[in-house]
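**Q**
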Amino acid sequence: MTVLSFDNRTELERSRDEYMMDLLCSCLYDQKTKMASGLLEIQPSELAFPFEVKKQSTCSMQFTNKSDQFVAFKVKTTNPKQYCVRPNIGVVQPRSTCDVTVTMQAQKEAPPDMHCRDKFLIQTVVTKDGSTTKDVTAELFSKEPGKVIEECKLRVVYIPTNHPSPVPEEPEEGTSPRFSNVENGNRSSVMFDSVQIVKLTEERTCALQQNEKLRQELALLKKARNSSSSGFSLKFLLIVGLLGALVGYIMKRT
Numbered sequence: 001m002t003v004l005s006f007d008n009r010t011e012l013e014r015s016r017d018e019y020m021m022d023l024l025c026s027c028l029y030d031q032k033t034k035m036a037s038g039l040l041e042i043q044p045s046e047l048a049f050p051f052e053v054k055k056q057s058t059c060s061m062q063f064t065n066k067s068d069q070f071v072a073f074k075v076k077t078t079n080p081k082q083y084c085v086r087p088n089i090g091v092v093q094p095r096s097t098c099d100v101t102v103t104m105q106a107q108k109e110a111p112p113d114m115h116c117r118d119k120f121l122i123q124t125v126v127t128k129d130g131s132t133t134k135d136v137t138a139e140l141f142s143k144e145p146g147k148v149i150e151e152c153k154l155r156v157v158y159i160p161t162n163h164p165s166p167v168p169e170e171p172e173e174g175t176s177p178r179f180s181n182v183e184n185g186n187r188s189s190v191m192f193d194s195v196q197i198v199k200l201t202e203e204r205t206c207a208l209q210q211n212e213k214l215r216q217e218l219a220l221l222k223k224a225r226n227s228s229s230s231g232f233s234l235k236f237l238l239i240v241g242l243l244g245a246l247v248g249y250i251m252k253r254t
C-alpha cells in the first residue's frame with residue numbers, strides 16, 4: 001500500500017486544502033463573534049460602509065435574542081460625531097430580533113489606505129420582563145457586583161465604490177467630458193444663431209428691394225400724372241389761343 005506524503009500533494013490538492021483551511025478559520029471567527037455576546041447574537045461581524053467622498057453611507061446591524069429573557073442593549077462608538085445610530089438603546093424581547101441602522105456622516109477626503117480605526121461597542125444586560133426602551137437608563141449598564149454586562153466590539157471597514165462614467169470619443173487633452181458637452185452645446189447654438197441671422201438678412205434684403213420697387217412705381221405714377229396735367233393745360237391754352245385769334249379775325253372783317 002502506497003502512502004502519499006503531505007509534500008507529494010498536487011497543486012490542485014494544496015489549493016483545495018488551503019481553501020478549506022481558510023473557510024474553517026472564517027467559520028470559527030464568525031462563531032466567536034456571534035458568541036462574544038451570549039445574550040444577543042449580533043450580525044454582521046464588522047460594520048462595512050460603502051465609502052465615497054462627500055456622501056453619507058449606511059450600514060445595518062441585527063440583534064437576535066434567542067433566550068426567554070428581555071435583553072436591553074446600548075450601542076457606543078469611539079467617534080460619536082461621525083456616526084448616527086438609530087436606535088442606540090433598546091430592548092429585544094424573547095425570541096425576537098431588532099434592526100439597528102448606523103449612518104456615517106460624509107467625509108471631505110478619504111483616509112490613508114482606506115483604513116478606519118473607529119470601533120463600536122454593544123453592551124447587553126438582562127432586564128425585567130415587559131421592559132421597553134423607556135426603561136433603559138445609564139444605571140442599567142453600570143457595573144455592579146453580581147450584575148453581568150456583556151460586551152461585543154465591532155470594527156469599521158470602508159468599502160471603496162467606483163462609479164463608471166461614460167468616456168467621450170477622442171476628447172481634447174485637458175478637457176473634461178462635461179466641459180466638452182457644454183462646448184458642443186454652445187457650438188450648436190452658435191450654428192443655429194448663424195442660420196437665423198442669414199435668414200433674417202435675406203428677408204430684410206427682399207423687403208428693401210420690394211420697397212424700392214414700390215417707390216419707383218410711385219414715382220412713375222406721379223410723373224405720368226404730372227405729364228397728363230401739363231398736357232391738358234397746354235392743349236387748353238392752344239385752343240383758347242386759336243379761338244381768340246379766330247374771334248379777332250372775324251371782328252376785324254366785320
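In terms of full-length UniProt numbering, the sequence shown opens at residue 1 and continues consecutively.
By construction, the Cβ of each residue, glycine as well, lies at the ideal position given by its N, Cα and C atoms.
Quick caveat: nothing in here was measured; it's all calculated off a predicted structure.
What is the C-beta distance between Pro160 and Phe51, in whole angstroms, given that I count them as a contact (C-beta under 8 Å)?
**A** Reading the sequence shown from its first residue, position 160 is the one you call residue 160. Reading the sequence shown from its first residue, position 51 is the one you call residue 51. Contact holds; Cβ gap of about 6 Å.
**Q** Note the first and the last residue of the continuous beta strand (DSSP E) segment covering Glu41.
**A** For the purposes of this step, residue 41 is identified with residue 41 of the sequence shown, where counting begins at 1. Where Glu41 is concerned, the enclosing beta strand (DSSP E) stretches over 41-43.
**Q** Nearest by alpha-carbon distance to Met114: which of Val75, Ala245, Gly244, Val53 is it?
**A** Here residue 114 refers to the residue found at position 114 of the sequence shown. Nearest C-alpha to Met114: Val53.
**Q** Alpha carbons only, please: which of Thr201, Cys84, Glu202, Thr97 is nearest the one belonging to Thr58?
**A** By 1-based counting over the sequence shown, the position of residue 58 is 58. Checked all of Thr201, Cys84, Glu202, Thr97; the closest Cα to Thr58 is Cys84.
**Q** Compute the beta-carbon to beta-carbon distance between Val156 and Lys119, rounded to the nearest angstrom, for a pair I have assumed lies under 8 Å.
**A** Position 156 of the sequence shown, counting from 1, holds the residue named residue 156. Position 119 of the sequence shown, counting from 1, holds the residue named residue 119. Yes, they are in contact, since the Cβ atoms of Val156 and Lys119 sit about 7 Å apart, within 8 Å.
**Q** Can at least three beta-carbon pairs, one atom from the region 116-134 and one from the region 73-87, be found at a separation below 8 Å?
**A** Below 8 Å, enough C-beta pairs join the region 116-134 and the region 73-87 to call them touching: three or more.
**Q** Which first and last residues belong to the beta strand (DSSP E) in which Met61 is found?
**A** For the purposes of this step, residue 61 is identified with residue 61 of the sequence shown, where counting begins at 1. Run containing Met61: 57-65, per the beta strand (DSSP E) assignment.
**Q** DSSP three-state call for Pro160: helix, strand or coil?
**A** As a working mapping, residue 160 is identified with position 160 in the sequence shown. If DSSP states are grouped into helix, strand and coil, Pro160 belongs with the strands.
**Q** Are the beta-carbon atoms of Thr124 and Cys152 separated by less than 9 Å?
**A** As a working note, residue 124 is residue 124 in the sequence shown. As a working note, residue 152 is residue 152 in the sequence shown. It is a contact, given that the beta carbons lie within the stated cut-off.
**Q** When you compare each of Ile89, Gly244, Pro112, Ala207 to Ala138 by their alpha carbons, which one comes out closest?
**A** On the sequence shown, residue 138 is found 138 positions in, with the first residue counted as 1. Among Ile89, Gly244, Pro112, Ala207, the Cα nearest to that of Ala138 belongs to Ile89.
**Q** Quick one: residues in its chain with C-beta nearer than 7 Å to the C-beta of Ser96, no 5 flanking neighbours on either side, listed in chain order?
**A** As a first step, residue 96 must be located in the sequence shown, where it is residue number 96. Asn65, listed in sequence order.
**Q** Please confirm whether Gln69 and Asp129 have their CB atoms less than 9 Å apart.
**A** Locating residue 69 in the sequence shown gives position 69, counting from the first residue. Locating residue 129 in the sequence shown gives position 129, counting from the first residue. Going by C-beta atoms, Gln69 is nearer than 9 Å to Asp129.
**Q** Mapping DSSP to helix, strand and coil, what is Ile122?
**A** In the sequence shown, counting from the first residue as 1, residue 122 sits at position 122. In the three-state reduction of the DSSP assignment, Ile122 falls in the strand class, which pools E and B.
**Q** DSSP state of Ala72, grouped into three classes?
**A** Taking the sequence shown and counting its residues from 1, one reaches residue 72 at position 72. Correct three-state label for Ala72: strand.
**Q** Which of the three DSSP states is assigned to Cys206 in this structure?
**A** Here residue 206 refers to the residue found at position 206 of the sequence shown. Helix, per DSSP.
**Q** I need the straight-line Cα distance from Thr205 to Asn226, nearest angstrom please.
**A** For this step, residue 205 is matched to residue 205 along the sequence shown. For this step, residue 226 is matched to residue 226 along the sequence shown. Cα to Cα, Thr205 sits roughly 31 Å from Asn226.
**Q** Taking 8 Å as the cut-off, does the CB of Thr97 come closer than this to any heavy atom belonging to the ligand NAP?
**A** The ligand NAP is absent from the structure shown, which contains no ligand whatsoever.
**Q** Count the other C-beta atoms from every protein chain shown that fall within 10 angstroms of the C-beta of Lys134, then say buried if there are 16 or more, exposed otherwise.
**A** Numbered from 1 along the sequence shown, position 134 holds the residue referred to as residue 134. Lys134 should be labelled exposed.
**Q** Grouping DSSP H, G and I as helix and E and B as strand, with all else coil, what is Leu222?
**A** Mapped onto the sequence shown, residue 222 falls at position 222. Inspection of the sequence shows that residue 222 is occupied by Lys rather than by Leu. In this structure, Lys222 counts as helix in the three-state DSSP scheme.
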